[in-house]
Structures are given as structure tokens and as C-alpha cells.
Amino acid sequence: MRGLDPAIVKYLFMEMLAQSTQCIVEDGVVRLETPFMLPDGHLVRVYFRLGLEQEVIVSDGGYTSRMVTVFSRFEEEARARYEKLRQIARDLGVEYADGELRFVAPSLEQAVRRVPVLAHAVVAGLGMLTW
Numbered sequence: 043m044r045g046l047d048p049a050i051v052k053y054l055f056m057e058m059l060a061q062s063t064q065c066i067v068e069d070g071v072v073r074l075e076t077p078f079m080l081p082d083g084h085l086v087r088v089y090f091r092l093g094l095e096q097e098v099i100v101s102d103g104g105y106t107s108r109m110v111t112v113f114s115r116f117e118e119e120a121r122a123r124y125e126k127l128r129q130i131a132r133d134l135g136v137e138y139a140d141g142e143l144r145f146v147a148p149s150l151e152q153a154v155r156r157v158p159v160l161a162h163a164v165v166a167g168l169g170m171l172t173w
């Protein structure tokens with residue numbers, strides 16, 4: 043192999059992403075299983091739904107919050123972790139409301155472009171469960 047063709051590398055990478063990404067309708071929302079990995083080896087799932095004005099709402103479906111609750115031994119520990127989760131959301135430009143990490147986008151294209159940021163927030167939020 044003399045050299046690598048960037049176009050071929052990109053093509054192969056995009057093919058791998060397409061094959062490892064699943065998207066289905068679940069409970070009236072679209073669930074996207076992303077190629078982004080959690081610390082335990084599971085893949086980050088995000089959920090798409092339309093708002094009242096046809097805006098696209100993308101969330102973690104409350105998964106991060108549920109895990110904080112499950113893995114917090116004491117109420118004080120849970121409160122500190124929820125505050126850290128709010129800080130992670132602020133730092134990454136997503137919302138933490140009603141137990142979900144989420145964002146609102148005016149179009150599906152813009153929503154899809156921001157999925158990696160939401161996935162980052164989920165991974166960061168779950169990563170703190172080790173402290």
C-alpha cells in the first residue's frame with residue numbers, strides 16, 4: 043500500500059457508520075441508536091419528536107437521569123450529580139429539563155447535525171458516575 047486515498051477512507055468510514063446506526067419508531071418517537079459508545083460499551087440512543095410548532099426535539103429520553111438516580115447511594119450524592127449534569131448541559135449548549143438532556147432545532151437537518159453534542163453530554167453525564 044503506497045498511499046491512502048482520503049476519499050476512500052472517508053467512504054469506508056461513512057459506510058461503517060451507516061451499518062452501525064439503527065433507526066426505528068418506538069412509542070411514537072424516532073429512536074436513533076448512534077455509533078457513539080458509553081463507558082459500559084452500550085451505544086448512545088437519542089429520540090426525535092416534533093414539537094407543537096413542528097420544531098424537532100432531540101433528547102436522551104431521560105436515560106442519563108435514570109442512571110444518576112440508580113447509581114446514587116445517597117440523596118446528597120444524587121443532588122450533587124444532578125447539579126453536575128446541569129453544568130454539563132450548560133457547557134455543551136443543551137438543556138437539562140424534565141429529567142432529559144435535550145435540544146430543540148428548527149429543522150431535521152439541524153437536529154441531526156447536533157446529535158454528536160447530545161451524545162457527548164450523555165457520555166459526560168454517565169462518566170461522572172465513577173466518582
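Numbered per the numbering used here, the sequence shown spans residues 43 to 173. Don't be surprised by glycine CBs; every beta carbon is placed ideally from N, CA and C. Here the structure is a predicted model, which is why all the values come from computation and not from measurement.
- [ ] Enumerate in chain order the residues of its own chain whose CB-to-CB distance from Met109 is below 7 Å, with the five nearest sequence positions on each side excluded.
- [x] Leu168 and Leu171.
- [ ] Return the Cβ separation of Ala161 and Thr76 in integer angstroms, given the expectation that the two are a contact with Cβ distance under 8 Å.
- [x] For Ala161 against Thr76, the beta-carbon gap comes to about 5 Å, under 8 Å, which counts as contact.
TODO: Have a look at the DSSP bridge pairing and note the partners of Arg39.
DONE: No statement about residue 39 is possible, as the shown extent of the chain runs from 43 to 173 and does not include it.
Task: Distance between Arg128 and Phe55 (C-alpha atoms, nearest Å) - done: Their Cα atoms are separated by approximately 33 Å.
Open item on the list: Bridge partners for Val98 per DSSP, in chain order?
Closed with: Val98 pairs with Leu92 and Ala147.
- [ ] Please classify Phe116: does DSSP put it in a helix, a strand, or coil?
- [x] Three-state result, Phe116: coil.
TODO: Can you tell me which of Glu97, His84, Asp133 and Gln64 puts its alpha carbon nearest to the alpha carbon of Leu143?
DONE: With distances taken between Cα atoms, Leu143 lies closest to Asp133.
- [ ] Taking Arg87 and Leu74 to be in contact with their CB atoms under 8 Å, please state how far apart those CB atoms are, rounded to whole angstroms.
- [x] That belief holds up - the Cβ atoms of Arg87 and Leu74 are roughly 7 Å apart, short of 8 Å.
Open item on the list: Let me make sure I understand the geometry here. Which of Met58, Phe113, Gly103 and Val51 has the alpha-carbon closest to that of Glu68?
Closed with: Comparing Cα positions, the closest option is Gly103.
- [ ] May I ask you to list the residues that DSSP assigns as paired with Tyr138?
- [x] Looking at the DSSP output, Tyr138 sits in a beta bridge with Leu143.
Open item on the list: Is Ala147 close to the ligand FMN? I mean its beta-carbon at under 6 Å from any heavy atom of the ligand.
Closed with: This structure does not include the ligand FMN; it has no bound ligands of any sort.
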